[in-house]
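Residue numbers (mature numbering (1 follows the signal peptide of the UniProt record, and there is no 0)): -25 to -1, 1 to 389. We put the beta carbon where it would ideally sit given N, CA and C, even for glycine. Heads up, the thing below is written out as structure tokens.
Okay, structure coming up:
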């Protein structure tokens, strides 16, 4: 006898599953990279290997057909497994297993879609999911869609201009000019005004669980220890962890590097990581496809940079409801590996306040920024202001001030 579908599951399917205390919710619709199922995949040993957030098109083509897929969790968190577009009049079920073949959960309803949600997953562990017709139900002509989506328990968020990390002494910490004298701006000033890259990197590194590779002195606490990623520690790594002395009432770092004048390999390298940078060119669709592709490979998020004239801004993309063409693979050129030592455009307090007003009224900050059909398809963490945590691209500062077409670079932290 068929088990009844639990009402809570149906409600979850309609409302989405919220994974943390923020306003970000899981969208059960398919997204990201679209692929076709490859037969034969009737057993766990022949399962199709897919990435989290791939949308797989497949067929249950006979009464004995069973389709297995496996996915490796790149990070610890939770996974949702969704089966949709079940052919009309057919009854397909969805089962989820661990690497030992133990059943973790199943969804055996009678509607056009099934959902297994909130499965705890462990970093680098393999999970299997199976699509099968109930009582031999099958369709030789029409395809279903299935996917596994990984979410972190919590997504890190840091804000440049309303710091939510420890900033003790940073408003009295200076670097050196070429003449050896203290800079006119403090580290906190620089992070607030132009620290979008350092802040974005801090979010991704935090999501990855990275720490400094060795104990470092923290001017905020006066102690030496392994440091967690935040905008200051990334900027500190960017300047190669200079010694800091207290002189004439000021803390002075022994470096002439501006803390947010980015040397990307150095900023990330202090946390034991490397990076790859890709050029984004072409149409908005080309850029959306590329961003969605790299998101499917990097659930911790990817940094995307935008340029308008001489101004640039960088944010973290964490999820999308955009679906690429089937079997899409990007053909992006890797950007020059020499570190860019280019200052990001500064952001004034007036501009932040203007963005907050625009955000609340859902209007564009700049009349010259054209709306894009992708504004509502990507969720970002924009570090520039307090309203930037897990918002749709079009509602973020970057969407209001730059626009989707201004995307020119993807940075993946490896």
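Query                                                                                                                                                                : Result
For residue 119, tell me which candidate among 108, 61 and 132 has the shortest Cα-Cα distance.                                                                      : 61
Using DSSP with H/G/I as helix, E/B as strand and the rest coil, what is residue 384?                                                                                : strand
Compare the C-alpha of residue 364 against each of 43, 11, 380 and 137 and name the closest.                                                                         : 137
Look up residue 183 in the DSSP assignment and say whether it is helix, strand or coil.                                                                              : helix
Tell me the residue span of the alpha helix (DSSP H) that contains residue 206.                                                                                      : 206 to 213
Across the segment 124 to 140 and the segment 68 to 85, are there enough close Cβ pairs to call them in contact, namely three or more that are closer than 8 Å?      : no
Which of the three DSSP states is assigned to residue 24 in this structure?                                                                                          : strand
In whole angstroms, what separates the C-alpha of residue 184 from that of residue 101?                                                                              : 19 Å
Just to confirm the assignment, what range does the beta strand (DSSP E) spanning residue 193 have?                                                                  : 191 to 193
Would residue 177 and residue 205 be called neighbours here (beta carbons separated by less than 7 Å)?                                                               : yes
Who are the Cβ neighbours of residue 142 in its own chain at under 8 Å, not counting the five residues just before and after it?                                     : 163, 195 and 207
Are the beta-carbon atoms belonging to residue 68 and residue 25 less than 7 Å from one another?                                                                     : no
Helix, strand or coil for residue 395, going by three-state DSSP, please let me know.                                                                                : Absent from the model: residue 395. The displayed extent of the chain is -25 to 389, so no value can be given.
What would DSSP say about residue 41, mapped onto helix, strand or coil?                                                                                             : strand
Three-state secondary structure (DSSP) at residue 313?                                                                                                               : At residue 313, the pLDDT of 42 sits below 50, so the modelled position is not reliable; the number obtained from the coordinates is stated separately. Looking at residue 313 - three-state DSSP - the assignment turns out to be coil, as it is neither helix nor strand.
Between residue 291 and residue 243, what straight-line distance do the alpha-carbon atoms span, to the nearest angstrom?                                            : 15 Å
Let's test the definition: count the other Cβ atoms within 10 Å of the Cβ of residue 11 and tell me whether it reaches 16, buried, or not, exposed.                  : exposed
If you draw a straight line from the C-alpha of residue 233 to the C-alpha of residue 149, how long is it?                                                           : 9 Å
Measure from the alpha carbon of residue 296 to the alpha carbon of each residue in 122, 237, 240 and 284, then state which is nearest.                              : 122
Using the rule of at least 16 other Cβ atoms within 10 Å of the residue's Cβ for burial, across every protein chain shown, is residue 98 buried or exposed?          : exposed
CA-CA distance, residue 241 and residue 82?                                                                                                                          : 47 Å
Compute the Euclidean distance between the alpha carbons of residue 390 and residue 91, then round it to the nearest angstrom.                                       : Residue 390 lies beyond the stretch modelled for the chain, which goes from -25 to 389, so this question has no answer here.
Could you spell out the range, first to last residue, of the beta strand (DSSP E) harbouring residue 165?                                                            : Here residue 165 belongs to no beta strand (DSSP E); instead the alpha helix (DSSP H) covers 162 to 169.
Near residue 377, what residues of its chain come up, given a Cβ to Cβ distance below 7 Å and the 5 sequence neighbours on each side ignored?                        : 281, 283, 288 and 344
Leaving out the 5 sequence neighbours to the left and right, which residues in its chain are closer than 6 Å to residue 392 when beta-carbon positions are compared? : No statement about residue 392 is possible, as the shown extent of the chain runs from -25 to 389 and does not include it.
Helix, strand or coil: how does DSSP classify residue 276 here?                                                                                                      : coil
Report the CB separation of residue 382 from residue 262 in whole angstroms; it is logged as a contact under 8 Å.                                                    : 5 Å
Under a three-way DSSP split, which group does residue 252 fall into?                                                                                                : strand
Using the three-state DSSP reduction, which class does residue 52 fall into: helix, strand or coil?                                                                  : strand
Measure the alpha-carbon distance for residue 44 versus residue 103 and round it to whole angstroms.                                                                 : 6 Å
What number of angstroms, rounded off, separates the C-alpha of residue 29 from the C-alpha of residue 271?                                                          : 7 Å
I'd like to check one pair, residue 49 with residue 361: are the Cβ atoms closer than 7 Å?                                                                           : no
Below 7 Å between beta carbons: does that hold for residue 298 and residue 22?                                                                                       : no
Comparing alpha-carbon positions, which option in 375, 370, 211 and 35 lies nearest residue 230?                                                                     : 211
Can you look up residue 239 in the DSSP assignment and give me helix, strand or coil?                                                                                : helix
Figure out for me which residue from 131, 161 and 219 has the closest Cα to the Cα of residue 203.                                                                   : 131
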